[in-house]
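Reviewing the structure listed below.
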Amino acid sequence: MATSQYVKATPPPGLRALISEISGYRLLSAPGVHRGLPSSSLTAIITLDETVDVTFDTGQHMSYTALVGGLHSKPATIQHGEFQHGIQLGLTPLGARALLGVPAGELADTGLHLADLLGPAAAELTERLRSVSTWSERFDVLCATLRRLATPAALPSPELGWVWRRMTETDGHVPIAELADEVGWSRQHLGARFRREFGPSPKLLGRVLRFQAARRRLVAGHPTSLADIAADCGYTDQAHFNRDWREFAGVTPSQWIAEELPFVQGAQHLGTAS
């Protein structure tokens with residue numbers, strides 16, 4: 001019988017603009033494949049046993065003990081064995097410079113070994129996480145490391161940080177021209193600076209944010225129709241909704257619900273570790 005468990009930790013004070021999520025997982029199921037969907041966060045995974053095997057849309061395939069995946073607009077394919085055990089960390093692009101030492105734009109549409117960015121500190125962190133036995137201990141080890149890594153002076157420009165927060169807070173519904181006006185830049189200048197710092201264009205990020213909001217609604221399981229979700233999230237019609245899902249998930253919303261939602265909703269959430 002397939003079982004999965006997740007436990008979440010609260011990001012440390014002072015780092016919450018850099019870290020969107022910290023969670024631990026234990027997955028026991030038949031070997032299989034799942035889709036890693038585009039989102040507004042970079043993903044770091046540190047395994048506590050076997051490697052995680054990922055194939056990106058570019059064709060890149062790697063096995064990782066500790067992985068950092070950049071922002072992407074196509075689904076990644078994640079292959080897993082019967083047992084997976086590890087920690088997943090969501091990093092905001094604002095945190096890429098501060099915690100990893102590079103802008104998120106340099107990591108877009110690809111995956112790297114954490115050691116490629118942190119050097120020997122990555123192996124040390126993995127070893128320390130594997131040496132303790134409880135989630136609280138693991139999260140304490142992780143958060144202590146994140147505090148040491150954080151370099152606030154490395155954050156992107158205030159204008160880009162403001163635009164990013166404004167877009168994520170509104171699920172991408174603010175027009176790009178309005179955002180450019182509010183920071184005193186031309187739309188072209190904002191687009192060029194935004195792509196260089198974060199990877200996607202502002203328009204593409206807005207679409208990913210809308211898709212992310214729709215996925216949240218589906219996972220929440222509230223009884224509502226796909227048409228209602230599409231309308232609430234700003235899609236012009238069901239065809240528009242389906243097109244974006246095919247682009248970002250590789251399948252229609254109905255197919256994703258049938259293939260992936262039981263796995264996502266079947267997780268046993270064990271609460272939050274402080």
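Residues in the sequence shown are numbered consecutively from 1, following the UniProt record's numbering.
Even glycine gets a Cβ: it sits at the ideal position worked out from N, Cα and C.
Skipping 5 residues on each side, what residues in its chain have a beta carbon closer than 8 Å to that of Gln238? Your numbering for residue 238 matches position 238 in the sequence shown. Excluding positions up to five away in sequence, the list reads Leu226, Ala227, Ala230.
When Arg165, Asp109, Glu124 are compared against Ile19, the one with the closest alpha-carbon: Translated into the one-based positions of the sequence shown, residue 19 becomes position 19. The option with the nearest alpha carbon to Ile19 is Arg165.
Excluding sequence positions up to five away, which residues of its chain have a Cβ less than 6 Å from the Cβ of Ser254? Within the sequence shown, residue 254 is the residue found at index 254, counting from 1. For Ser254, where only same-chain residues beyond five positions count, there are no Cβ hits under 6 Å.
Might you give, ordered along the chain, the residues of its own chain that have their beta carbon closer than 7 Å to the beta carbon of Ser186, omitting 5 neighbours on each side? For the purposes of this step, residue 186 is taken as residue 186 along the sequence shown, with counting starting at 1. These residues qualify, in order along the chain: Ala180.
For Phe211, count neighbouring C-beta atoms within 10 Å of its own C-beta (all shown protein chains included) and say buried if the count is 16 or more, exposed if not. The residue labelled residue 211 in the question sits at position 211 within the sequence shown. The residue is buried, with at least 16 neighbouring Cβ atoms inside 10 Å.
Closest Cα partner of Leu37 within the set Ala30, Leu100, Phe56: In the sequence shown, the residue the question calls residue 37 occupies position 37. Selected option, being the one with the closest Cα: Phe56.
What residue range is occupied by the uninterrupted alpha helix (DSSP H) comprising Ser23? Here the question's residue 23 lines up with position 23 in the sequence shown. Per DSSP, Ser23 belongs to no alpha helix (DSSP H); it is in the beta strand (DSSP E), 19–28.
Which listed residue (Glu124, Leu218, Pro93) has its alpha carbon closest to that of Arg16: Counting from 1 along the sequence shown, the entry for residue 16 is found at position 16. Of the candidates Glu124, Leu218, Pro93, the residue whose Cα lies closest to the Cα of Arg16 is Pro93.
Just reading off the alpha helix (DSSP H) that Phe139 is part of, what are its end residues? Stepping through the sequence shown from its first residue, residue 139 is reached at position 139. Start and end: 135–149.
If the criterion is Cβ atoms closer than 8 Å, does the pair Val208 and Ser39 meet it? Within the sequence shown, the letter at position 208 stands for residue 208. Within the sequence shown, the letter at position 39 stands for residue 39. The Cβ atoms of Val208 and Ser39 lie closer than 8 Å to each other.
Proximity to Glu127 [Cα-Cα], best of Gly14, Glu247, Ser4, Asp49: The residue you call residue 127 lines up with position 127 of the sequence shown. Taking the Cα of Glu127 as reference, the smallest distance to any Cα among Gly14, Glu247, Ser4, Asp49 is reached at Asp49.
How long is the line joining the alpha carbons of Ala76 and Arg35, rounded to whole angstroms? Here residue 76 is taken as the residue at index 76 of the sequence shown, counted from 1. Here residue 35 is taken as the residue at index 35 of the sequence shown, counted from 1. Computed Cα separation, rounded: 6 Å.
Quick test of the definition: if touching needs 3 or more C-beta pairs under 8 Å, does the stretch 192–203 touch the stretch 156–173? Enough Cβ pairs lie closer than 8 Å, so yes.
Could you check whether the Cβ of Leu125 sits closer than 7 Å to any heavy atom belonging to the ligand COA? No copy of the ligand COA occurs in the structure displayed, which carries no ligand at all.
Classify Arg35 as helix, strand or coil using the three-state DSSP reduction. The sequence position of residue 35 within the sequence shown is 35, counting from 1. It is a strand residue.
In whole angstroms, what is the alpha-carbon distance linking Lys203 and Val54? For the purposes of this step, residue 203 is taken as the residue at position 203 of the sequence shown. For the purposes of this step, residue 54 is taken as the residue at position 54 of the sequence shown. The alpha-carbon of Lys203 is positioned some 27 Å away from that of Val54.
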